[in-house]
Amino acid sequence: MTTNAQEFARARGAMPGGVNSPVRAFGSVHETPRFFVAASGPYVTDVEGREYVDLVGSWGPAILGHAHPAVVKAVQDAAAHGLGFGASTPGETELAELIAARVSRPSSVGEPVETHPVERVRLVSTGTEATMTAIRLARGATGRDLIVKFAGHYHGHSDGLLAEAGSGVATLAMPGSAGVPAPIAAQTLVIGYNDLDAVREVFEARGDDIAAVIVEAAPANMGIVPPAHGFNAALADIAHEHGALLILDEVLTGFRVGPAGWYGIDPVPFSPDLITFGKVVGGGLPLAAIGGPAALMELLAPLGPVYQAGTLSGNPLAVAAGRATLDHLDAAAYARIDAAAETIAEAAASALSEAGVTHVVQRSGNLFSIQFAAEPPTDYDTVKAQEAFRYPPFFRAMLAEGVSLPPSVFEAWFVSAAHDDAAVARIVDALPIAARAAAEAVPD
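With my numbering, the residue at position 208 of the sequence shown is 208, and numbering never jumps.
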């Protein structure tokens with residue numbers, strides 16, 4: 001039997017840093033990364049045969065739990081008919097129709113009429129590809145070049161979006177990325193989150209050149225930092241007033257925080273022009289999507305002048321996994337996820353308070369994270385000002401107790417419908433031990 005340390009040493013000899021995505025290296029938590037070989041329901045098992053309660057969930061897609069029987073069967077059935085054809089399949093249309101049907105909400109409080117911002121869907125393979133395509137489409141539609149993004153928001157690793165990004169860039173304390181030409185970086189205007197005055201100022205200065213604002217619907221890549229009440233609606237109004245578009249990034253929140261994603265539960269109705277999806281929509285396989293009104297989406301080739309293509313786009317196995325996942329995400333599933341998330345979040349807050357650790361637990365629907373700060377962070381600067389040094393010992397203590405957390409303080413915790421009473425109890429029992437470890441932490 002091999003060990004995690006042996007596997008990591010071997011991996012470092014074959015791959016840069018031993019990983020294919022930086023956060024997997026466990027660098028910010030000062031721990032040997034775990035190499036998993038099996039998963040079922042709320043549990044994952046590493047190469048040493050140790051089982052953990054999982055709060056990563058493949059970074060969100062395992063919303064029904066790992067290896068959900070219906071999802072596995074759907075993929076197996078699809079694989080039996082071929083792994084891919086390089087041609088269209090009925091399953092692609094069915095998933096696109098399902099996505100469009102789910103993204104709706106009452107047009108205003110008290111009115112039964114629903115709004116449906118997604119009339120057409122383009123399937124791609126990754127969230128990065130989805131946001132990259134949405135930006136190209138926005139530029140093609142407006143004839144403008146500039147994009148506005150918010151510090152701490154992560155929209156994938158395409159060149160123009162890495163400036164002051166969250167997620168892995170925040171974890172590694174990188175200012176952006178080498179290899180991004182200055183003229184490309186200059187096409188992205190980065191401003192502070194939850195600051196409408198800054199939004200108005202940038203549009204007053206450069207409004208005629210701005211193609212779109214891109215925003216995480218409810219940010220989850222710098223920890224959870226909820227949008228201020230009405231923030232998304234105000235963004236849409238300001239962008240539209242200046243002839244720009246609003247791109248709503250729901251790669252993390254889409255179909256996780258509710259049947260229609262954050263769009264469906266934001267307390268103030270608003271009108272995004274393009275919405276990107278990932279994670280849950282592929283059920284754990286590489287699949288993402290862009291959706292919007294027909295007039296805008298049909299600017300994409302082959303109907304329009306904005307080119308986008310992908311050999312593996314709409315892969316039949318990924319489409320099958322996505323359809324099965326969405327089909328089983330009913331009201332009962334969301335109720336289980338919400339209840340488990342609430343129990344764990346409240347237990348974490350209680351344990352940290354008992355240990356005397358300054359903290360807040362921030363939530364957006366069933367997504368939540370711990371921020372080691374006295375006041376709830378509202379933007380990237382306040383997120384970075386927290387006592388992040390408390391998270392590595394907290395993480396390691398939870399891992400020692402058999403609970404796998406996201407290996408970064410800048411990530412959300414992901415609960416699944418499979419987190420039953422037994423799995424939740426194991427998490428709750430581990431939290432006081434981890435809280436004491438956080439209390440004893442000292443800055444590096």
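Glycine is no exception: its CB is placed at the ideal position from the N, C-alpha and C atoms.
As the structure is a computational prediction, the values presented were derived from the model and not from experiment.
Span of the alpha helix (DSSP H), counted from its first residue to its last, around residue i
i	result
S353	331 to 354
L399	391 to 400
V199	196 to 206
L326	316 to 328
I265	261 to 265
F231	231 to 241
A412	Run containing A412: none; DSSP gives neither H nor E here.
V37	Run containing V37: none in the alpha helix (DSSP H); it sits in the beta strand (DSSP E), 36 to 40.
P183	182 to 185
L431	421 to 439
Rounded Cβ spacing between residue i and residue j (contact assumed at less than 8 Å)
i	j	result
A447	E119	This structure cannot speak to residue 447, because the chain is shown only from 1 to 444.
I214	I135	7 Å
L252	G60	6 Å
L95	A333	Actually they are not in contact, since the Cβ atoms of L95 and A333 sit about 18 Å apart, beyond 8 Å.
V47	F35	5 Å
V53	R426	5 Å
Y43	E31	Their Cβ separation, rounded to whole angstroms, is 19 Å, which puts Y43 and E31 out of contact at 8 Å.
A288	G127	5 Å
V71	L317	That pair is no contact at about 11 Å.
Per-residue DSSP class, three states only, for residue i
i	result
P16	helix
A5	helix
L172	Note that L172 has pLDDT 38, beneath the 50 cutoff, so the model's placement of it is unreliable and no number is given.
D379	coil
R139	helix
I63	coil
Y52	strand
V72	helix
I191	strand
R144	coil
P106	strand
S167	Its pLDDT being 48, under 50, S167 is placed unreliably in this model, and the value from its coordinates should be taken loosely. Correct three-state label for S167: coil.
R363	strand
S158	coil
L303	coil
E129	helix
S404	strand
S313	coil
D77	helix
G84	coil
A228	coil
M222	coil
A374	coil
S58	helix
A101	helix
T93	helix
R10	helix
A178	coil
A417	coil
Segment limits, beta strand (DSSP E) that includes residue i
i	result
D46	43 to 46
A211	210 to 216
F451	Outside the displayed range of the chain (1 to 444) lies residue 451, so it cannot be described from this structure.
E250	245 to 250
L367	367 to 371
V280	Element bounds for V280: n/a, residue is neither H nor E.
Bridge-paired residues (DSSP) for residue i
i	result
G458	A query on residue 458 cannot be resolved here, the shown segment of the chain reaching from 1 to 444 and no further.
E114	P106
F150	I191
Closer than 6 Å: residue i CB and nearest the ligand FAD heavy atom
i	result
A14	Ligands in the displayed structure: none, and consequently the ligand FAD is not present.
Any chain C beta carbon closer than 7 Å to residue i
i	result
T382	Any reference to chain C falls outside this structure, which holds one protein chain only.
(Q) I'd like to know if the region 80 to 97 and the region 433 to 442 are in contact, where contact means that at least 3 CB-CB pairs between them fall below 8 Å. (A) no
Q: Decide yes or no for the touch test of the region 273 to 280 against the region 298 to 308: beta carbon pairs closer than 8 Å, at least 3 of them.
A: no
(Q) For the structure I just gave you, are there three or more beta carbon pairs, one from the region 377 to 384 and one from the region 237 to 254, closer than 8 Å? (A) no
Q: Check whether the region 355 to 373 touches the region 403 to 414, counting contact only when three or more Cβ pairs, one atom from each stretch, lie closer than 8 Å.
A: yes
Q.
With three or more C-beta pairs closer than 8 Å as the rule, is the region 335 to 345 touching the region 125 to 144?
A. no
Q. Any chance the region 352 to 361 sits against the region 318 to 332, with 3 or more Cβ pairs inside 8 Å?
A. no
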